[in-house]
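One rule links them: number in our numbering = place in the sequence shown (from 1) + 43.
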Amino acid sequence: MLRKKGKLPGKTIKHEYSLEYGTDTIEIQEDAVQPGQRVVVIDDLLATGGTMTAGVDLLRKVGANVVGAAAIIELTFLPGRKRLAEMDVPFTALVSYDD
């Protein structure tokens, strides 16, 4: 499980990333993923892709093989899907909003 800074118990590995309005930090527990493990990133919303791409970066940093990503809602007028495609991460959403 990936969470914002300070939300997970135990030792964590951190990844700082840029947002439109500053920076944030995402974390994973040290023993949550084994090198080579196949994972899918799932979130409630994909907009600009900042949080989801940071999650992919962190998972790859700890050795995971990110095989895909999904969200309940995608805002298609924002660049989230494009950013994931640039990282070679297939993406799907249950609901898409065009505007």
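We put the CB at the ideal spot given by N, CA and C, even for glycine.
Reference Leu127; option with closest CA among Leu45, Ala113, Ser139, Leu137 = Ala113
Would DSSP call Gly123 helix, strand or coil?
-> helix
Contact check, Ile115 vs Leu88 under 8 Å by CB: the rounded distance?
-> That pair is a contact at about 7 Å.
Reduced DSSP category for Val132 - H, G, I as helix; E, B as strand; rest coil | coil
Kindly indicate which residue of Pro133, Gly53, Leu51, Glu59 has the alpha-carbon position closest to the one of Lys104.
-> If we check each option's Cα against that of Lys104, Glu59 comes out closest.
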